[in-house]
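Comments concern the structure below.
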Amino acid sequence: MQFLDPEINEYDRPKLVIPVKPTPEDVKDPKEGCVVTKFSELDAEEREEFRDLKEEYNAKKRMCENQTEALPDLRFRIQETFHISNFTYTKGCMQLSWSKGQNILDWLHSWETAYNELIHYKVKTLDDSEPIYDFLNVLNTFDSYAHTKRVALTDGVEIGFCQLLSNFRNYYKSTSNMEQLQPQHDTFPTLQGHNEHGTLIVKGLGNSNNDTKQYFPNCPCGFRHRGAGIKFCYYLIPQAVPPGFNLMPDRVKKVEKRFNSDPAFKKLVK
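Using the numbering used here, read the sequence shown as starting at 58 and increasing by one per residue.
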């Protein structure tokens, strides 16, 4: 019943009653000074009554055995209905990825809510790593933070799902705050550092048709910096790295090499 209705009170939950094997004492009291009654001490009528009790006991025992064998099968079948893939139907949860128009903080909150529901209902198919990789798979579509965490997990770093959400929330707030500090003095409206042509805006460049021909170097760290955010790259400013974000040594070397060998890149980030 705990799987049919998780909210049911434990005291109201039906119990499996195991029958008690009858003894001759159930038919005839022991003689004075004795503790038990022997079967040989029963008369014909008492023996018949004792046999009826044994038949009733055997019937209850078989029923109890059948119920005991059925419980694991019932538990397995009910657990199948609680599989994450069925939440679309049982809880009305549509399987949607993050969209550009969606507030990321609200999106993170929806992940926390869904995870807490799974924990509340004790979904047996949910192991510690499953929600982590599900989250990183979706996150990978719009932020390379997911790649950093995947590398960390591969290296054996342990992190809980709730801690992962908290770390990304802090990382997102930190990067958003830095982007808000970037100067914006453009004639045309912009969207996340892009001009009306969809070209990334670089400080010092206007918004004319020639913008589409301007060269905008990719950051060697591999991150998708928006607008002039490349100059705020954590690999260029290690002191700005938020808690939970680990710099990768190979990317540090790539950024340093690019900075020292590429004058255009060096001028861009200064």
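Glycine included, every Cβ here is placed at the ideal spot set by N, Cα and C. Since the structure is predicted, the reported quantities are computational estimates derived from the model, not experimental observations.
Out of curiosity, what's the CA-to-CA distance linking L165 and N115? The alpha-carbon atoms of L165 and N115 are separated by roughly 58 angstroms.
Can you grab the Cα-Cα spacing for the pair Y178 / C276, in whole Å? Taking the straight line joining both Cα atoms gives about 45 angstroms.
Whole-angstrom C-beta distance between E98 and K85, which should lie under 8 angstroms: With a Cβ gap of about 7 angstroms, K85 and E98 count as contacting.
By Cβ distance below 6 angstroms, which residues in the same chain neighbour L196 in space, the five residues on each side in sequence not counted? Result list for L196: A203, in chain order.
By the three-class DSSP mapping on this structure, what secondary structure does L175 have? The three-state secondary structure of L175, taken from DSSP, is helix.
What is the rounded straight-line gap between the Cα of E126 and the Cα of E187? Going by the C-alpha atoms only, they are around 31 angstroms apart.
Supposed close pair E82, V74 - CB separation, criterion 8 angstroms: Contact flag wrong, Cβ pair sits at about 21 angstroms.
L110 and P87 - do their beta-carbons sit closer together than 8 angstroms? No, they are not a contact pair.
Along the chain, where does the alpha helix (DSSP H) containing F280 start, and where does it finish? According to the DSSP assignment, F280 belongs to no alpha helix (DSSP H), since it is labelled neither H nor E.
Ordered along the chain, which non-local residues of its own chain (more than five positions away) have a Cβ less than 8 angstroms from that of R134? Cβ within range, chain order: n/a, list empty.
Q293 to K314, Cα distance in whole Å? In the sequence as displayed, the identity of residue 293 is Leu instead of Gln. Taking the straight line from one Cα to the other gives about 12 angstroms.
Report back the beta-carbon spacing between L162 and I189 to the nearest angstrom; my notes put them in contact at under 8 angstroms. The Cβ separation is near 19 angstroms, so there is no contact.
Cα-Cα separation between V309 and D319, rounded to whole angstroms: Cα to Cα, V309 sits roughly 15 angstroms from D319.
Could you tell me the distance, in whole angstroms, from the CA atom of Y68 to the CA atom of D191? Approximately 38 angstroms, taken between the alpha carbons.
Got a sec? Which residues, its chain only, sit under 6 angstroms from K311 by beta carbon, not counting five neighbours each side? Excluding positions up to five away in sequence, the list reads P277.
Apart from the five residues just before and just after C121, which ones in its own chain have a Cβ nearer than 8 angstroms to its Cβ? Excluding positions up to five away in sequence, the list reads L73, V74, I75, P76.
Would you please state the rounded distance, in angstroms, between the beta carbons of V208 and M305? I believe it to be under 8 angstroms. Yes, they are in contact, since the Cβ atoms of V208 and M305 sit about 7 angstroms apart, within 8 angstroms.
Residue of R226, K230, D212, S201 minimising C-alpha distance to W168: The candidate whose alpha carbon is nearest that of W168 is R226.
Tell me, to the nearest whole angstrom, how far the beta carbon of F316 is from that of S201; I am working on the premise that it is less than 8 angstroms. By a beta-carbon distance limit of 8 angstroms, F316 does not contact S201. Their separation comes to about 19 angstroms.
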